[in-house]
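Single-structure report; data block below.
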Amino acid sequence: MAKHYYDPMLCTCSQENPMTMGITAVLTEEIDAELLKEAAQELRERFAYFYVRAKIEDNDIVVVPNPLPMTVRNTWAPIELASKEANYHLAAIKYEGNRICLEMNHTLSDGAGVSPFFKSLLFVYLSKKTGVSFPVQGFRLPGSEVPGSETGDPFAAVDTDSVQGPLYEKKPTADFYRLPSRNGEADHIYYLKLPENAVMKYCKENDGSPNVLLAVLISRAIRRVDPESEKTVTVSVAIDHKAMLGNCENYRMFANAYELDFPKERQLDDIMKSCTLTRGQLMLQAQPENSAWYIKTRKMGFEKMKAMPLQMKLDMLPKAASAVRWTASVSYVNSRSFGPLDPYIKELYCLAEVRSIDVMCEIACINNSFFVAFAQCNSSRELFEALLCELEQAGVPFELMRDEQYHLSGLRYEDL
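All letters in the sequence shown, in the order written, are residues 8 to 423 by the numbering used here.
Now the structure itself:
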């Protein structure tokens, strides 16, 4: 079994449920392959915890150091992580033209944890590419010290044992709205650019925030597309327990999701009222005490799994992790700026799988623009067009940067 409850729990992943996440940037110039490979290799020193492979050890699948180079591929086509084609790594880099993407197994880290690696990758690469000596403040670079708080227990100072229960616990909605099934259709993704000033002005005027606003507008778009449905639209909003409990720099994944309900009887015509109610739902769940309870239950679950045979874990846990729980998800990774690198970055997107949800909405912000990755489990444009109508009605300008079939890299354990 993994040594600590905060270690990556790879037994929750499978070929059917790879749990892949990613970050994509569009740069101002085309990618230089050799310089990118050099940058990826140099970062091994600073981010050794991402240069790992999977191995069966002590009745579990754990991560161990991987001496092989992380793959850097000139293609947007997916590969399978943990396999020979990925040099057995649980992360891989790909590029095409001026687009670059880091894909990683989600159990290794979350968006907040992997962002520093991606920033450092661009720092080292652009330093080589441009010859500019960028200011190093705010970057984790080769040769810099890795603090124990970054790789150790994020919650060592939190007294989870004294926590008796959450302040508020929302019961999951069982019969929620699902997108119409279109068997055989590929997942699809749309990339949007929204002006930061327009979004924040609208949020200020309507008691919202970027993630709350998108949750409301997606729900309105679903009602616009299917006004006859009586089912509750459920939207998960990502929460970072590290941030809630005071350790933001730790790379390990302690993201979770809080659930917002939009029942048919709740009128969404009044945007301000809808945003206020939605923020209220979110604030009830996003409390430090609730995060402490989550950590306590994670610890208890870890202890129970120690006695579980590996094959039982591999049979049960991936199915539980991939069960569809919500209509849509909204995640807002706090990026804001890559400092001196900003002039070299045209677009920035975060990515996640469309598996335990039908609609994925990931939000990033850089260079005074919000960049929204909107993916769904079929190729119909109907819901996306409805979302554009909602943005237009709200007076928020938008620009469709591109749309394409959506294929994150998968997972196939080899030679464990």
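Just so you know, even glycine gets a beta-carbon here, dropped at the ideal spot from N, CA and C. Since the structure is predicted, the reported quantities are computational estimates derived from the model, not experimental observations.
- Note on geometry: alpha-carbon atoms of valine 403 and aspartate 277 lie some 16 Å from one another.
- In the three-state scheme derived from DSSP, where H, G and I count as helix and E and B as strand, arginine 106 is classed as strand.
- Straight through space, the alpha carbons of proline 154 and isoleucine 86 are spaced by roughly 33 Å.
- Looking at the DSSP output, leucine 407 sits in a beta bridge with Leu199.
- Counting only residues of its own chain and dropping the five nearest sequence neighbours on each side, aspartate 410 has a CB closer than 6 Å to the CB of Tyr197.
- If the five residues before and after tyrosine 184 are omitted, its C-beta is found closer than 8 Å to the C-beta atoms of Ile229, Asp233, Ser236, Lys238, Thr239, Val240, Thr241, Thr334, all from its own chain and listed in chain order.
- Inclusion of glutamate 192 and serine 363 in the CB contact set at 7 Å is not warranted, their separation being larger than that value.
- When rounded, the separation of the alpha-carbon atoms in asparagine 204 and cysteine 372 is 11 Å.
- DSSP links tryptophan 333 through a beta bridge to Ile364.
- Residues of the same chain with a CB within less than 8 Å of the CB of alanine 89, apart from the 5 flanking positions on each side, are Arg60, Ala61, Tyr95, His96, Leu97, Asn112, Leu418, Arg419, Tyr420, Glu421 in chain order.
- Selection Arg106, Asp168, His195 evaluated against leucine 390 yields His195 as nearest (Cα-Cα).
- Straight-line spacing of the CA atoms in glutamine 48 and aspartate 117 works out to 21 Å.
- In the three-state DSSP reduction, phenylalanine 146 falls in the coil class, being neither helix nor strand.
- Aspartate 349 sits exposed, since fewer than 16 C-beta atoms from the chains shown fall within 10 Å of its C-beta.
- Contact holds between the segment 32-51 and the segment 353-360, because three or more Cβ pairs, one in each stretch, are under 8 Å apart.
- Approximately 5 Å separates the beta-carbon atoms of cysteine 282 and asparagine 213; this is inside 8 Å, confirming the contact.
- Sixteen is the threshold: since fewer than 16 other Cβ atoms of the shown chains lie within 10 Å of the Cβ of lysine 91, the residue is exposed.
- Within the segment 42-115, the beta strand (DSSP E) runs of at least 3 residues that lie entirely inside it are, in chain order, 59-63, 68-72, 98-103, 106-112.
- A direct Cα-Cα distance of roughly 16 Å separates leucine 220 from isoleucine 246.
- Contact between cysteine 18 and methionine 26 fails: their C-beta atoms lie close to 11 Å from each other, not under 8 Å.
- Under the three-state reduction of DSSP output, alanine 245 falls in the strand class.
- Measuring C-alpha to C-alpha distances from glutamate 310 to each of Asp67, Glu37, Ile63, Arg286 identifies Asp67 as the nearest.
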